[in-house]
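Under full-length UniProt numbering, residue 333 is the last one in the sequence shown; the count climbs by one each step, no gaps. We put the CB at the ideal spot given by N, CA and C, even for glycine. Keep in mind it's a predicted model, so treat the numbers as computed, not measured. Working notes, structure below.
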Amino acid sequence: MNAYPIKFRPILKEKIWGGEKLSLLLNKETMSKNIGESWEISGVEENISIVANGLYKGISLNDLIKKFKGDFLGQANICAFGENFPLLIKFLDAQTNLSVQVHPDDKMASKYHNSYGKTEMWYIMDAEKDAEIVLGLKDKSIDKSVLKDINASNVNSIFNNRPVKKGESYFIPAGEIHAIGAGILAAEIQQTSDITYRVYDWEREDINGNMRKLHTEKAIEATKVFPNDSVKEDHSTDDKHTKLVSCDFFTTNAFYVNGIEVKDYKLLDSFVIYMCVEGNANVKIGEYQELVKMGETILIPARAKRVEIASKHSKFLEVYIPSPSLNLTQKAS
Numbered sequence: 001m002n003a004y005p006i007k008f009r010p011i012l013k014e015k016i017w018g019g020e021k022l023s024l025l026l027n028k029e030t031m032s033k034n035i036g037e038s039w040e041i042s043g044v045e046e047n048i049s050i051v052a053n054g055l056y057k058g059i060s061l062n063d064l065i066k067k068f069k070g071d072f073l074g075q076a077n078i079c080a081f082g083e084n085f086p087l088l089i090k091f092l093d094a095q096t097n098l099s100v101q102v103h104p105d106d107k108m109a110s111k112y113h114n115s116y117g118k119t120e121m122w123y124i125m126d127a128e129k130d131a132e133i134v135l136g137l138k139d140k141s142i143d144k145s146v147l148k149d150i151n152a153s154n155v156n157s158i159f160n161n162r163p164v165k166k167g168e169s170y171f172i173p174a175g176e177i178h179a180i181g182a183g184i185l186a187a188e189i190q191q192t193s194d195i196t197y198r199v200y201d202w203e204r205e206d207i208n209g210n211m212r213k214l215h216t217e218k219a220i221e222a223t224k225v226f227p228n229d230s231v232k233e234d235h236s237t238d239d240k241h242t243k244l245v246s247c248d249f250f251t252t253n254a255f256y257v258n259g260i261e262v263k264d265y266k267l268l269d270s271f272v273i274y275m276c277v278e279g280n281a282n283v284k285i286g287e288y289q290e291l292v293k294m295g296e297t298i299l300i301p302a303r304a305k306r307v308e309i310a311s312k313h314s315k316f317l318e319v320y321i322p323s324p325s326l327n328l329t330q331k332a333s
């Protein structure tokens with residue numbers, strides 16, 4: 001295949017909790033005032049990404065995988081996932097709180113949904129004053145059956161609320177109770193799955209006066225208790241390269257570009273995704289070059305082994321499936 005920096009058309013999702021930051025700050029084209037998610041790269045059924053630029057413009061993500069296989073995904077990923085794209089890449093804008101929720105692991109998702117589970121991470125791109133997330137249960141010894149009886153009077157005593165700020169990252173393994181709070185703009189990297197079990201939805205009603213469905217029994221089954229609620233690191237300084245998460249499902253690094261950065265992927269048997277979270281940059285593979293701005297995402301095919309990035313100042317999240325030979329598949333800690 002011709003390897004170049006591939007962009008996809010964003011798939012925008014209206015949400016009861018969404019706002020306008022994805023359009024106002026990240027330049028997503030929409031007239032809606034409640035866009036909660038921009039699915040940047042998706043292999044989720046009925047939400048398949050379409051190429052937006054270059055030689056393969058108009059071709060679906062699935063068709064690229066079928067045609068180019070290991071040159072596109074990496075041979076190890078073809079062996080592991082077949083022709084399924086293993087990650088779902090998003091930007092999120094929470095104008096109000098998301099529901100408190102939990103996702104199943106691979107075993108439970110396969111049992112009930114014939115799907116992958118959902119381990120994910122967040123990178124906080126912006127956070128308003130006093131913005132918080134829910135991460136885990138406040139009392140780790142509490143019986144999970146308490147999830148059956150949550151209401152406005154006891155919710156703050158059950159869930160662990162944590163303040164957040166720009167530049168922090170959070171790892172959310174499948175089974176961890178969580179929610180993004182109001183006033184947060186985030187990048188999200190996750191397994192390819194759209195399975196969510198709602199535990200509590202702040203007793204709010206939709207435009208028709210109905211409350212959204214809860215999934216309490218399955219949430220109780222899915223919920224796990226973790227000794228440490230997340231990986232949280234501050235990346236507000238111009239560190240050149242910082243590992244955010246390395247788990248069985250993906251590796252995510254953050255890096256700045258102030259000048260020219262050359263990436264060597266000769267030892268990596270995987271596609272690479274760049275999410276631009278600050279500034280803008282020119283990304284070059286061979287003779288092909290693409291301008292990438294804050295709020296945009298590009299995919300580097302596995303065939304590309306050298307990438308050159310030029311910028312006066314930008315920051316990227318670098319995402320890939322770790323090769324076994326690189327010994328990067330340890331759990332996040």
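Straight through space, the alpha carbons of A52 and E14 are spaced by roughly 21 Å. N34 and L12 have their C-alpha atoms some 10 Å from each other. Partner residues in the beta bridge of Y274, as assigned by DSSP, are I298, E318.
Judged by DSSP in its simplified three-state form, K218 adopts helix. Of the residues K148, V272, L147, the one whose Cα lies closest to the Cα of I321 is V272.
Beta bridge pairing from DSSP links K7 with I298. Distance from the Cα of Y56 is smallest, within the candidate group S38, F255, P86, R9, for R9. Secondary structure of H113 (DSSP, three-state): helix. For S23, the enclosing alpha helix (DSSP H) starts and ends at 21 to 24. Distance from the CA atom of R303 to the CA atom of N160, rounded to whole angstroms, is 43 Å. Cβ contact annotation for E37 (same chain, cutoff 6 Å, sequence separation greater than five): K13, K90, L92, in chain order. If you draw a straight line from the Cα of P227 to the Cα of G54, it comes to about 47 Å. In this structure, Y170 lies near W122, with their beta-carbon atoms less than 7 Å apart.
For A179, the closest C-alpha among the options M125, K21, L135 is that of L135. For D130 and A80, the gap between their C-alpha atoms comes out near 42 Å.
Of the other Cβ atoms in all chains shown, fewer than 16 fall within 10 Å of the Cβ of S157; this residue is therefore exposed. In the displayed model, F159 falls within a strand according to three-state DSSP.
Excluding residues up to 5 positions away in sequence, A187, T297, L317 lie with their Cβ nearer than 6 Å to the Cβ of M275 in the same chain.
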